[in-house]
Amino acid sequence: MTGAEATWLYAVTTADAAGAGAPAGLTGVAGEPVRVVEGAGLAAVVGSVPRSDFDERALRAHLEDLRWLERAARTHHQVIDAAAGTGQVIPLRFATLYHDDDRVRVMLEQRRADFAAALERVAGRTEWGVKAYVDPKAFLPDPGEEEVAGGRRPGAAYLARRRAERQEQETAHLRASERAEEIHATLAGQAVAIAEHPPQDASLAAYEGWMVLNNSYLVPDDRADDFSAAVTALGERFPDITLELSGPWPPYSFTALPRPEAEEP
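To convert, take the position in the sequence shown, counting from 1, and add 2; that gives my numbering.
Below you can see the structure in the form of structure tokens.
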């Protein structure tokens, strides 16, 4: 690495798990070869990126370019996934940059206890994601209730209808949420840790209806088949809920560390 380059971090693992280095031919966000920097019994999966293209000003411009951001974020996670194929890893935040490899080694030494604890917490375990979607109409109250407009002036009838519609929607959402909680309770029994996420924006995630569950589960590897079977069984038990299982993933939701002090690359 030259003085014209900064070091982009992808993940941290143990030096033993890193083995001979990163998977051959793997490239990072700047098309750079991915490699390993070792220190304190740990190994950081890194790449050397042009400093001129990743200093604070240039990086800010990149982050405002949605096409670049999407492509780089996908590549960042592809590197993490590839590294996870050789052993347990701690995924690092997108755009974690250090001045050079020596600063990375200092960071590994300073944060050795945090990394070791996180690696121990997820050893032999993998993250799985479960989303649940519903069609609101399936959870609306039964029809046939008292007609709200009867005998009322048009304005009052309109307000009554709107109030009834809001109440129906609230009831439907409550019913769907209760069903989602029942599903979650079953899946939680198969996991050692759970991370609950807010529903994704429907316009961005391209789904219809309501997302009533968006959780990550840290599952022991020897229970992975049982967990997948539980999701399938729940989908059959509750046909009015659409369940989506994703994974296995590196443990993105279960290895968060206090954010390290950022460096100017």
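A virtual CB, placed ideally from N, CA and C, is assigned to each residue, including glycine.
Here the structure is a predicted model, which is why all the values come from computation and not from measurement.
Excluding five sequence positions before and after Arg127, the CB atoms of its chain that fall closer than 6 Å to its own CB belong to Leu220, Pro222, given in chain order.
Residue pairing of Thr98 in beta bridges, as defined by DSSP: Leu11.
In this model, Ala207 and Ala178 are separated by some 20 Å (Cα to Cα). DSSP assignment within the segment 193-233 yields the following whole alpha helix (DSSP H) runs of 4 residues or more, N-terminal first: 204-207. In terms of Cβ geometry, Val51 and Glu34 form a close pair [threshold 8 Å]. Contact between the segment 112-127 and the segment 38-51 is established, with three or more Cβ pairs separated by less than 8 Å.
In the structure shown, the three-state DSSP call for Pro253 is coil. Contact between Ser54 and Ala60 is confirmed by a C-beta separation of about 7 Å, below the 8 Å threshold. With respect to the 8 Å criterion, Val214 and Val136 are classified as neighbours on the basis of their beta carbons. Trp212 sits buried, since 16 or more C-beta atoms from the chains shown fall within 10 Å of its C-beta. Arg73 is the residue among Ala204, Arg73, Arg107 whose C-alpha sits nearest the C-alpha of Thr29. The straight-line gap separating the alpha-carbon atoms of Ala134 and Pro253 is approximately 20 Å. Unbroken alpha helix (DSSP H) stretches of 4 residues or longer found wholly inside the segment 50-131: 53-56, 58-65, 68-86, 103-112, 114-124, given in chain order. By the C-beta density criterion, Ala190 is exposed, having fewer than 16 other C-beta atoms within 10 angstroms. About 6 Å separates the beta carbons of Gln192 and Arg225, which is inside the 8 Å limit, making them a contact pair.
Gly43 sits in coil when the DSSP states are folded into three classes, being neither helix nor strand. Arg76 and Lys139 have their C-alpha atoms roughly 36 Å apart.
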